[in-house]
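Q: Residue numbers (the working numbering): 477 to 756.
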Ligand SMILES: [Zn+2]
Ligand SMILES: [Zn+2]
């Protein structure tokens, strides 16, 4: 396949990204992309400043659809949403009525036992530390187990195409600040997630977003997890989780090296299979 560049994880000014979606389309065309997916954060049940606001949802759908038609001869545009999982609620079903081309299922928040509110795991290192201290009495294992339990519940619920940033929980763990990925409990949690993915038609994304934000040196998921995905026959794609149009292919060449080293010969998206052989 001649043209390999695709990205299904982007955020523009309808949620917490910067700039009009057309900027992303123009940048993608400039950089030789064959497809581009928009995946703004779907509205949450609680007030917040990082998702599409309820009243803007239709505007977002209309705008992306308009761009899809306008650039149909140049690039394939796909309408998606990054949807947060809530226990006891099927939000993937709820947003299906909007005729999405695809969706990304993500867990950004945990609801610890005994609490009625959610805590964000990826807001800031200060917030992460505060949750660890105040809610989990500095027990990182309990915190991590809650995160991956929510991720597994979402995988079991299903209804989405791409699993967003599988190990987002490591976002602030540079230099093993909070835990080691070789810790028994951590490996167990990841392994149980992969057990579920192995038998489902869900694409795991390799996501370079935290590198663009300067908080990580490697993509989600960690290389040992990508290798484990390969060994289990789990399909993967490559996304940049861009919040700015200049980052639509951020760290892609480095991430492709990691993917190829892990054994993968192809990438899967909800719409195409990309052959990695022959890529240099
Ligand atoms: Zn996300
Ligand atoms: Zn995202």
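Ideal placement from N, C-alpha and C gives every residue a C-beta, glycine not left out.
Nearest by alpha-carbon distance to residue 518: which of 482, 561, 504 is it?
A: Answer by Cα proximity: 561.
Q: Measure from the alpha carbon of residue 494 to the alpha carbon of each residue in 551, 591, 529, 720, then state which is nearest.
A: Among 551, 591, 529, 720, the Cα nearest to that of residue 494 is on 720.
Q: What is the residue span of the beta strand (DSSP E) that residue 581 lies within?
A: Looking at the DSSP string, the run of the beta strand (DSSP E) that includes residue 581 is 578 to 582.
Q: Which residues mark the beginning and the end of the alpha helix (DSSP H) in which residue 632 is found?
A: 616 to 633 is the span of the alpha helix (DSSP H), which, as asked, contains residue 632.
Q: On a CA-only basis, which of 671, 481, 628, 486 is nearest residue 579? Give me that one, please.
A: With distances taken between Cα atoms, residue 579 lies closest to 486.
Q: Comparing C-alpha positions only, which one of 574, 488, 742, 531 sits nearest to residue 682?
A: Comparing Cα positions, the closest option is 742.
Q: Compute the Euclidean distance between the alpha carbons of residue 526 and residue 658, then round it to the nearest angstrom.
A: Using only the alpha carbons, I get a separation of about 33 angstroms.
Q: Could you tell me whether the Cβ atoms of residue 645 and residue 685 are closer together than 8 angstroms?
A: Cβ atoms of residue 645 and residue 685: not closer than 8 angstroms.
Q: Consult DSSP for residue 720 and reduce its assignment to one of helix, strand or coil.
A: Of the three classes helix, strand and coil, the one that applies to residue 720 here is coil, per DSSP.
Q: Under the three-state reduction of DSSP, which class applies to residue 652: helix, strand or coil?
A: Three-state result, residue 652: helix.
Q: Would residue 728 and residue 714 be called neighbours here (beta carbons separated by less than 8 angstroms)?
A: In contact: residue 728 and residue 714 (Cβ atoms closer than 8 angstroms).
Q: Going by other Cβ atoms of all chains shown within 10 Å of its Cβ, with 16 needed for buried, is residue 643 buried or exposed?
A: Counting Cβ neighbours within 10 Å, residue 643 comes out buried, since at least 16 surround it.
Q: How is residue 528 classed by DSSP in three states: helix, strand or coil?
A: Here residue 528 sits in coil by DSSP.
Q: Which runs of the alpha helix (DSSP H) spanning at least 4 residues fall entirely within the stretch 657 to 719, listed in chain order?
A: For the stretch 657 to 719, whole alpha helix (DSSP H) runs of length 4 or above, ordered along the chain, are 660 to 673, 685 to 688, 699 to 707.
Q: Say whether the stretch 571 to 588 touches the stretch 597 to 605, bearing in mind that this needs 3 or more beta-carbon pairs closer than 8 angstroms, one atom from each stretch.
A: Taking 8 angstroms as the limit for Cβ pairs, the verdict is that the stretch 597 to 605 does touch the stretch 571 to 588.
Q: What are the complete alpha helix (DSSP H) segments, minimum 4 residues, inside the stretch 491 to 535?
A: Taking only runs of at least 4 residues, the alpha helix (DSSP H) segments lying wholly in the stretch 491 to 535 are 497 to 506.
Q: State the Cα-Cα distance for the pair residue 752 and residue 481, rounded to the nearest angstrom.
A: About 11 angstroms.
Q: Which of helix, strand or coil does DSSP assign to residue 572?
A: Looking at residue 572 - three-state DSSP - the assignment turns out to be helix.
Q: Can you tell me whether DSSP reads residue 725 as helix, strand or coil?
A: In the structure shown, residue 725 sits in coil (DSSP, three-state: anything other than H, G, I, E or B).
Q: In the DSSP assignment, what are the bridge partners of residue 744?
A: Beta-bridge pairing links residue 744 to 749.
Q: Taking only the alpha-carbon atoms, compute the straight-line gap between residue 473 and residue 689 and give it to the nearest angstrom.
A: Residue 473 is absent from the structure shown; the chain starts at 477 and stops at 756.
Q: Beta-carbon within less than 6 angstroms of residue 641's beta-carbon, same chain only, minus the 5 sequence neighbours each way: which residues are those?
A: Excluding residues within five positions, the ones whose Cβ falls inside 6 angstroms are 683, 696.
Q: Rounded to whole angstroms, what is the Cα-Cα separation between residue 478 and residue 515?
A: Its pLDDT being 46, under 50, residue 478 is placed unreliably in this model, and the coordinates cannot settle the point.
Q: Would you say residue 579 touches ligand 1, meaning its beta carbon is less than 7 angstroms from a heavy atom?
A: Because no heavy atom of ligand 1 lies under 7 angstroms away, the Cβ of residue 579 does not count as near it: no.
Q: Can you give me the start and stop residues for the alpha helix (DSSP H) that residue 606 sits inside?
A: Segment 601 to 610, the alpha helix (DSSP H) holding residue 606.
Q: Does the Cβ of residue 515 lie closer than 7 angstroms to at least one heavy atom of ligand 2?
A: Under cutoff, so the answer is yes.
Q: Confirm, please, whether the CB-CB distance from residue 556 to residue 530 is below 8 angstroms.
A: Not closer than 8 angstroms, so no.
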